[in-house]
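Enquirer: Just dropping this structure here.
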Ligand code: NAP
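In the working numbering, the protein residues as written are 1059 to 1311.
Written as structure tokens, this is what we have:
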């Protein structure tokens, strides 16, 4: 029996990076997992790897109709929905003086509207299952200033706050739904690969990220997945409205 045996999860951004690691670990721990992503090729490849435990759903988190249809499809396929991981996100760089209004809005549409819509439309499904867990992927950029990731930091800070309000709303209703945020930094995923690739010297840029971390390295996606596993399961039943930093000590300085 796995730590999530009998549970069903909906993971956004599941085709890559942190979402993929979370989906793999949840499935290994006995959950059935809906893999929701705009990347159909990556999502279908992971669904094939995970077999009958997984279901790929083409899903854009910024589209309300997609949330309503796909949460319904996952709940119908699995007979229940216990866990939502709002993980999909985008992280274009840009300072306040360089960023266009369109990029500002695009980042917030995906990183913030997506989390709002996910929480809003998942709640009835989680309630129908008798309770559940929502995990929102924020970032250390939601806790400290990030001048070169200006819109990203703003969207992730809002996710931190939204998480606490959802948690208190659910606690007041007594419906057994918990909501927490995860705040990683510098995890080796395609998002970080793309970020360092824009530098003049990518290898040096990658090393410079590791040098900022007291533990001296980038994190691994599975390390974040292990934290998500704790928050998704019953072991964390007294944990809600909380923020979990996983950054090798970066923000302890
Ligand atoms: P990633 O490797 O780029 O994976 C993100 C996945 O989300 C991709 O499959 C992407 O598809 C998908 N996606 C993008 N826009 C979407 C949308 N509108 N609807 C549904 N899916 C969408 O990134 P990651 O590093 O795993 O990041 C996952 C989450 O962790 C993000 O919220 C990110 O902000 C957060 N985070 C990451 C780090 C880090 O160091 N890696 C640190 C802090 C926070 P495409 O590839 O087709 O765009």
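We treat Cβ as the ideally placed atom computed from N, Cα and C, and that holds for glycine.
For a quick check, are the C-beta atoms of residue 1271 and residue 1244 less than 8 Å apart?
Expert: To locate residue 1271, count along the chain shown from 1; it is residue 213. To locate residue 1244, count along the chain shown from 1; it is residue 186. Their beta carbons are under 8 Å apart, which means residue 1271 touches residue 1244 by this criterion.
Enquirer: Return yes when the Cβ of residue 1199 is within less than 8 Å of the Cβ of residue 1247, no when it is not.
Expert: Taking the first residue of the chain shown as 1, we reach residue 1247 at position 189. Taking the first residue of the chain shown as 1, we reach residue 1199 at position 141. Contact: no.
Enquirer: Is any heavy atom of the ligand NAP found at a distance shorter than 7 Å from the C-beta of residue 1117?
Expert: Position 59 of the chain shown, counting from 1, holds the residue named residue 1117. Yes, the beta carbon of residue 1117 sits closer than 7 Å to at least one heavy atom of the ligand NAP.
Enquirer: For the candidate residues 1287, 1192 and 1309, whose alpha-carbon lies nearest to that of residue 1063?
Expert: In the chain shown, counting from the first residue as 1, residue 1063 sits at position 5. Nearest C-alpha to residue 1063: 1287.
Enquirer: Could you say if the segment 1201-1210 and the segment 1077-1086 meet the contact criterion of at least three C-beta pairs nearer than 8 Å?
Expert: no
Enquirer: So what's residue 1140 in DSSP terms, helix, strand or just coil?
Expert: To locate residue 1140, count along the chain shown from 1; it is residue 82. Correct three-state label for residue 1140: coil.
Enquirer: Under 7 Å from any heavy atom of the ligand NAP, does the C-beta of residue 1248 make it?
Expert: On the chain shown, residue 1248 is found 190 positions in, with the first residue counted as 1. Within the cutoff, so yes.
Enquirer: Within 7 Å: the Cβ of residue 1095 and any heavy atom of the ligand NAP?
Expert: Along the chain shown, read from residue 1 onward, the residue named residue 1095 stands at position 37. Yes, the Cβ of residue 1095 comes within 7 Å of a heavy atom of the ligand NAP.
Enquirer: May I ask you to report which of helix, strand or coil DSSP gives residue 1114?
Expert: By one-based count along the chain shown, residue 1114 stands at place 56. If DSSP states are grouped into helix, strand and coil, residue 1114 belongs with the strands.
Enquirer: Contact check, residue 1148 vs residue 1168 under 8 Å by CB: the rounded distance?
Expert: For the purposes of this step, residue 1148 is taken as residue 90 along the chain shown, with counting starting at 1. For the purposes of this step, residue 1168 is taken as residue 110 along the chain shown, with counting starting at 1. Right, their Cβ atoms sit about 5 Å apart.
Enquirer: Taking 7 Å as the cut-off, is the beta-carbon of residue 1168 closer than that to any non-hydrogen atom of the ligand NAP?
Expert: The sequence position of residue 1168 within the chain shown is 110, counting from 1. Indeed, a heavy atom of the ligand NAP lies less than 7 Å from the Cβ.
Enquirer: Is any heavy atom in the ligand NAP found nearer than 7 Å to the beta carbon of residue 1197?
Expert: In the chain shown, residue 1197 corresponds to position 139, counting from 1. True, at least one ligand heavy atom lies under 7 Å from that Cβ.
Enquirer: Buried or exposed: where does residue 1009 fall if 16 or more other Cβ atoms within 10 Å of its Cβ makes it buried?
Expert: Residue 1009 cannot be examined here, being either before or after the span of the chain that is shown, 1059 to 1311.
Enquirer: Measuring only the C-alpha atoms, how far is residue 1069 from residue 1088?
Expert: Position 11 of the chain shown holds residue 1069. Position 30 of the chain shown holds residue 1088. The straight-line gap from Cα to Cα measures roughly 15 Å.
Enquirer: When the cut-off is 8 Å and only beta carbons count, does residue 1181 lie next to chain C?
Expert: Going by chain labels, chain C is absent from the structure shown, which holds only one protein chain.
Enquirer: Looking at residue 1093 and residue 1066, is the spacing between their C-beta atoms short of 8 Å?
Expert: The residue labelled residue 1066 in the question sits at position 8 within the chain shown. The residue labelled residue 1093 in the question sits at position 35 within the chain shown. It is not a contact, given that the beta carbons lie outside the stated cut-off.
Enquirer: Roughly how many whole angstroms lie between the Cα atoms of residue 1183 and residue 1262?
Expert: By one-based count along the chain shown, residue 1183 stands at place 125. By one-based count along the chain shown, residue 1262 stands at place 204. Rounded to the nearest angstrom, the two C-alpha atoms are 46 Å apart.
Enquirer: The ligand NAP heavy atoms versus the CB of residue 1141: any closer than 7 Å?
Expert: Translated into the one-based positions of the chain shown, residue 1141 becomes position 83. No, since every heavy atom of the ligand NAP falls outside the 7 Å radius drawn around the Cβ of residue 1141.
Enquirer: Using only the alpha-carbon positions, how far apart do residue 1075 and residue 1298 sit?
Expert: Along the chain shown, one-based indexing puts residue 1075 at 17. Along the chain shown, one-based indexing puts residue 1298 at 240. One C-alpha to the other measures close to 25 Å.
Enquirer: Which whole-angstrom value is the C-beta distance of residue 1217 and residue 1175, which I expect to be below 8 Å?
Expert: In the chain shown, residue 1217 corresponds to position 159, counting from 1. In the chain shown, residue 1175 corresponds to position 117, counting from 1. Your pair residue 1217 and residue 1175 does not check out as a contact, with CB atoms roughly 12 Å apart and the cut at 8 Å.
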